[in-house]
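>
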Amino acid sequence: MPDKPDRNAIEVVKVSKIFGSGEGQVAALDTVSVSIRENEFFTLLGPSGCGKTTLLRLIAGFDFPTAGEILLYGQDIAPLPPFKRPVNTVFQSYALFPHMTVAENIGFGLEMLGKPKAEIKARVDAMLKLVKMEALSARRTSQISGGQQQRVALARALAPQPKVLLLDEPLSALDYKLRKEMQIELKRLQHETGITFIFVTHDQEEALTMSDRIAVMSSGKILQVGSPRDIYDRPSERFVADFIGESNFLKAEVVGVSAGRATVKLSSGTEIPASLPEGLVPKGKVTIVVRPEHAQLSAASPSASLSGTVENIVYLGTDTHFHLRLADGEPFIVRRQNSRGTGDGIVQGGKVGIVIGGDAAQVLKD
Amino acid sequence: MANRFSIKHQPGFTAIAATCFIVLYLPIVVLVIYAFNAATSTSEWGGFSLKWFQSAWQNTQVIDATLRSFQIGATAAVFSTIFATMAALATTRTASYPGLTFKYAAINQPLMVPEIVTGVALLIFFSRIKIFTGYSGLGYLIAAHTAFCIPFAYLPIRARLENMDLTLERAAADLYATPWRTFRRITLPLLWPGILAGLMLAFVISLDDVVITEFVKSGGQDTLPTYMLGQIRRGITPEINAISTVFLLLSVAIVTLFFFISRKHD
Ligand SMILES: Nc1ncnc2c1ncn2[C@@H]1O[C@H](COP(=O)(O)OP(=O)(O)O)[C@@H](O)[C@H]1O
Ligand SMILES: [Mg+2]
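Going line by line, the protein sequences match chains A and B.
Numbers 1 to 366, taken from my numbering, label the letters of the first sequence in order.
Numbers 1001 to 1266, taken from my numbering, label the letters of the second sequence in order.
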């Protein structure tokens, strides 16, 4: 655990990156600000083309921001070329040196730092052990499998003990099973080395399972930063709610705000409490989001928040999805965990009530 | 299915291919056979003999010309490959810009300007320098050969560079290698097969040149090809066939050697 939990390893301050000029201008990053704490597993999550790689490249020094600055432990790193930044990268394509052995690849960074031979050897051995590649140290990188190349790329980037490790979709080339294994492996490595990881992915499940904190990106902007739980339970914008997990969006009207929570009136006329994104004081018409597993079904009764018709029931083993149509014509999904012997009389075409509990609804910014 | 449209199955293709091969190789086969001719004339067969090889071996003019060819070829190949490597790095390691096409054209100029024009131009240019400096050594031939060998050395090096993954150099920089060490440890080793190919190609091209050499050489500076040309003007003996045969074997040996070296590097 970090001794100073609030120390920032990286601070990105109002960074913009614009490619091209005139008509064909692309803002890959648009005034992005984010702080990444020491020793945390931080994930940049977003669809392809949202600027994740660009942000990593700016931190690594392969490219320069059009505006803004990047601080490493409080120091502006703009004047440092890549080979002077204590930051290492695991490339999406691994970029292992094909004319060197596994051990030579891993030792390359230390050699360039001018470490003594004995120290390099000891560290390479330790790294080989850490990624469980001792047996293959003398192989050429072309003679090992994709998963093994991945491990070598990790070991190579970790060997010089960087202050921050950048990982650009490192698992995307692996098949499903290997990817799951490597997710656990990466968490273990981060824990054992205590190095700050900045991990890039477009896979929301991967982000949720691995990260201490996630930044959700879209079109060159960071929309929300928070723990996986924050992001999932309290998405601040429609894009975030949509991109991560499944969501029900409901139109509602704000009738009161107090102590960081709102009371909203649904289309059915029922008033329910809803939590608010930080810093938002909503009024008038808003959209609220309810996760499918945060709502419950009940018998159609006036005490239910909403009522609807069951259009479809999908049994998935661990849980069941009820696809409903609300009175105002909008769709709504309720997910319920299955237990043995539940015959509750909910049938296709039947009327049901939907109960949205005290902490289930979240007001969105847009 | 796919075979129906394969070029191998087009009618007449085999016949055309066979004809091309015969036209290409038959004269060479005849040349090699007549190198072992005991007769003094190349038009009649006088039995098997190695005497023309012996006579060529004892001909000091042939030996001198051969050594000169190798000296010029080796020097020109080394220089042109160095220039070609630098040119290839400069033209592939930058983003495309308007003047780039012009630079390609400038580098490849010797491929496009007729050799005879270059030959005449160099003759005039060098004669001025000769008068001015008094120097009349092999330097002129080496300079000329270096110039026209550059595009041949450039092509395989550039091809190799264009296929090289740029993230490898970025990865080296990320791992604390300065630009120079990145070049030494990553770029150069990966480029090596291309450089060797360029070197071999430049050497063979230099060895083979007649036109430009003919214009640039001073008296007593015959290379093997210009010597052979001079001999043929005076009438052909099978000695020329013997020299050509050795020349052929050498070229094949160089190409084979290169093939194995480049395979080892890949
Ligand atoms: N070198 C470049 N030149 C021009 N546009 C670029 C360049 N690099 C990235 N872009 C553009 O910037 C945007 C973000 O790209 P990138 O950071 O690679 O996205 P991601 O990694 O999230 O998929 C994209 O629209 C991409 O086309
Ligand atoms: Mg990317």
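Glycine included, each C-beta is placed from N, C-alpha and C at the ideal position.
Bear in mind that the values here come from a model prediction, so they are computed numbers and not experimental data.
According to the neighbour-count rule (16 or more other Cβ atoms, all chains shown, within 10 Å of its Cβ), is A:Met1 buried or exposed?
Your numbering for residue 1 of chain A matches position 1 in the first sequence. Low per-residue confidence applies at A:Met1: pLDDT is 44, beneath 50, and the placement is therefore not dependable, though the value from the model is reported in the following sentence. A:Met1 should be labelled exposed.
> What does a CB cutoff of less than 8 Å around A:Ile333 pick up in its chain, not counting 5 residues either side in sequence?
As a working mapping, residue 333 of chain A is identified with position 333 in the first sequence. The residues are Glu246, Asn248, Pro292, His321, Phe322, His323 and Leu324.
> Considering just the uninterrupted stretch of the alpha helix (DSSP H) at A:Tyr315, what are its terminal residues?
Within the first sequence, numbered from 1, the residue matching residue 315 of chain A stands at position 315. Looking at the DSSP string, A:Tyr315 is not in any alpha helix (DSSP H); the run it does join, the beta strand (DSSP E), is Leu306 to Tyr315.
> Can you tell me where the beta strand (DSSP E) holding A:Gln337 begins and where it ends?
Here residue 337 of chain A is taken as the residue at index 337 of the first sequence, counted from 1. Taken as a continuous stretch (DSSP letters only), the beta strand (DSSP E) holding A:Gln337 covers Pro331 to Gln337.
> For A:Ile356 and A:Gly341, I'd like the C-alpha separation in whole angstroms.
Looking up residue 356 of chain A in the first sequence gives position 356. Looking up residue 341 of chain A in the first sequence gives position 341. When rounded, the distance between both Cα atoms is 25 Å.
> Please give the ranges of any beta strand (DSSP E) in the segment 62 to 135 of chain A, keeping only runs that are unbroken, at least 3 residues long and fully inside the region.
List check, beta strand (DSSP E) in window: 67 to 72 and 87 to 90.
> Rounded to the nearest angstrom, what separates B:Gln1109 and B:Pro1151 at their Cα positions?
One-based indexing of the second sequence puts residue 1109 of chain B at position 109. One-based indexing of the second sequence puts residue 1151 of chain B at position 151. Each residue's Cα considered, the two are about 8 Å apart.
> Is the shortest distance between the beta-carbon of A:Ala95 and the beta-carbons of chain B less than 7 Å?
Numbered from 1 along the first sequence, position 95 holds the residue referred to as residue 95 of chain A. Taking Cβ atoms only, chain B reaches closer than 7 Å to A:Ala95, which makes this a yes.
> From the beta carbon of B:Ser1055, is the nearest beta carbon of chain A less than 7 Å away?
Counted from its first residue, the second sequence places residue 1055 of chain B at position 55. For B:Ser1055, the answer is no, since every Cβ of chain A falls outside 7 Å of its Cβ.
> Please indicate yes or no: does the CB of A:Thr53 lie closer than 6 Å to some heavy atom of ligand 2?
The sequence position of residue 53 of chain A within the first sequence is 53, counting from 1. Yes, the beta carbon of A:Thr53 sits closer than 6 Å to at least one heavy atom of ligand 2.
> Quick one: list the residues of chain A neighbouring B:Tyr1176, beta-carbon separation under 8 Å, in chain order.
Start at 1 with the first residue of the second sequence, and residue 1176 of chain B comes out as number 176. Going along chain A in sequence order, the residues near B:Tyr1176 (Cβ under 8 Å) are Phe83, Lys84, Gly109, Met112, Leu113 and Pro160.
> Which residue from A:Phe239, A:Ala241 and A:Val286 puts its Cα closest to that of A:Val255?
Counting from 1 along the first sequence, the entry for residue 255 of chain A is found at position 255. Nearest of A:Phe239, A:Ala241 and A:Val286 to A:Val255, Cα basis: A:Val286.
> Could you name the residues of chain A that B:Leu1224 contacts, counting a contact when the two beta carbons are closer than 9 Å?
Residue numbering aside, residue 1224 of chain B sits at position 224 when the second sequence is read from its first letter. Those within 9 Å of B:Leu1224 in chain A number zero; the least Cβ separation is about 38 Å.
> Assuming contact is defined by CB atoms lying nearer than 7 Å, are A:Gly46 and A:Ser218 in contact in what I supplied?
Along the first sequence, one-based indexing puts residue 46 of chain A at 46. Along the first sequence, one-based indexing puts residue 218 of chain A at 218. A contact, by the Cβ cut-off of 7 Å.
> Output yes if chain B places a C-beta closer than 7 Å to the C-beta of A:Met1; else output no.
On the first sequence, residue 1 of chain A is found 1 positions in, with the first residue counted as 1. With a pLDDT of 44 at A:Met1, under the threshold of 50, the modelled position of this residue cannot be trusted; read the value that follows with caution. It does not: the Cβ of A:Met1 has no partner Cβ on chain B nearer than 7 Å.
> In whole angstroms, what is the alpha-carbon distance linking A:Ile231 and A:Phe97?
Within the first sequence, residue 231 of chain A is the residue found at index 231, counting from 1. Within the first sequence, residue 97 of chain A is the residue found at index 97, counting from 1. Cα to Cα, the separation comes out at about 39 Å.
> Please list the terminal residues of the continuous beta strand (DSSP E) segment that includes A:Pro273.
Within the first sequence, numbered from 1, the residue matching residue 273 of chain A stands at position 273. Its beta strand (DSSP E) spans residues Glu271 to Ser275.
> Mind pulling the alpha helix (DSSP H) runs of 4 or more residues that sit fully within the segment 1141 to 1180 of chain B?
The qualifying runs are 1166 to 1174.
> Looking at A:Leu29 and A:Thr54, is the spacing between their C-beta atoms short of 7 Å?
On the first sequence, residue 54 of chain A is found 54 positions in, with the first residue counted as 1. On the first sequence, residue 29 of chain A is found 29 positions in, with the first residue counted as 1. Their beta carbons are under 7 Å apart, which means A:Thr54 touches A:Leu29 by this criterion.
> Between B:Leu1168 and chain A, is there a C-beta pair that is closer than 7 Å?
As a position in the second sequence, residue 1168 of chain B is number 168, starting the count at 1. Cβ-Cβ to chain A under 7 Å: yes for B:Leu1168.
> Identify the contact partners of A:Ala60 in chain B, using a Cβ-Cβ distance below 7 Å as the criterion.
For the purposes of this step, residue 60 of chain A is taken as residue 60 along the first sequence, with counting starting at 1. The contacting residues are Asp1174.
> Where DSSP assigns a beta bridge to A:His202, which residues make up the other side?
Within the first sequence, the letter at position 202 stands for residue 202 of chain A. Answer by DSSP bridge pairing: none, since A:His202 is not bridged.
> Compute the Euclidean distance between the alpha carbons of B:Arg1093 and B:Glu1169, then round it to the nearest angstrom.
Your numbering for residue 1093 of chain B matches position 93 in the second sequence. Your numbering for residue 1169 of chain B matches position 169 in the second sequence. The alpha-carbon atoms of B:Arg1093 and B:Glu1169 are separated by roughly 11 Å.
> Any chance the segment 232 to 244 of chain A sits against the segment 356 to 365 of chain A, with 3 or more Cβ pairs inside 8 Å?
Touching, per the Cβ criterion.
> For chain B, find out if any of its Cβ atoms is closer than 7 Å to the Cβ of A:Thr101; answer yes or no.
Locating residue 101 of chain A in the first sequence gives position 101, counting from the first residue. Judged by the 7 Å Cβ criterion, A:Thr101 is not in contact with chain B.
> Under 7 Å between beta-carbons, which chain A residues line up against B:Pro1189? List them in chain order, please.
Mapped onto the second sequence, residue 1189 of chain B falls at position 189. Correct list: His99.
> Just checking A:Gly284 against ligand 1 - is the residue's beta carbon closer than 6 Å to any of the ligand's heavy atoms?
Translated into positions along the first sequence, residue 284 of chain A becomes position 284. No, ligand 1 has no heavy atom inside 6 Å of this Cβ.
> With a threshold of 6 Å (Cβ to nearest heavy atom), would A:Gly349 be considered close to ligand 1?
As a working note, residue 349 of chain A is residue 349 in the first sequence. No, the beta carbon of A:Gly349 sits no closer than 6 Å to any heavy atom of ligand 1.
> Please check if any C-beta of chain A sits within less than 7 Å of the C-beta of B:Leu1248.
Mapped onto the second sequence, residue 1248 of chain B falls at position 248. It does not; no Cβ of chain A falls within 7 Å.
> A:Glu246 by DSSP, collapsed to three states: which one?
Walking along the first sequence from the start, residue 246 of chain A turns up at place 246. The answer is coil: DSSP assigns A:Glu246 none of H, G, I, E or B.
> Could you tell me the boundaries of the beta strand (DSSP E) in which A:Gln362 lies?
Here residue 362 of chain A corresponds to residue number 362 of the first sequence, with the count starting at 1. Run containing A:Gln362: Ala361 to Val363, per the beta strand (DSSP E) assignment.
> DSSP state of A:Thr141, grouped into three classes?
Counting from one through the first sequence, the residue named residue 141 of chain A turns up at place 141. It is helical.
> So B:Phe1126 is in the alpha helix (DSSP H); what residue range does that whole segment cover?
As a position in the second sequence, residue 1126 of chain B is number 126, starting the count at 1. Per DSSP, B:Phe1126 belongs to the alpha helix (DSSP H) from Glu1115 to Thr1133.
> Which residue wins for smallest C-alpha separation from A:Ala95, given the options B:Ala1172, B:Ala1015 and B:Thr1245?
As a working mapping, residue 95 of chain A is identified with position 95 in the first sequence. It is B:Ala1172.
> Is there a C-beta anywhere in chain A that falls below 7 Å from the one on B:Ala1095?
Position 95 of the second sequence, counting from 1, holds the residue named residue 1095 of chain B. With 7 Å as the cut-off, B:Ala1095 does not count as an interface residue toward chain A.
> Is A:Asp168 helix, strand or coil when you go by DSSP?
The residue you call residue 168 of chain A lines up with position 168 of the first sequence. In this structure, A:Asp168 counts as strand in the three-state DSSP scheme.
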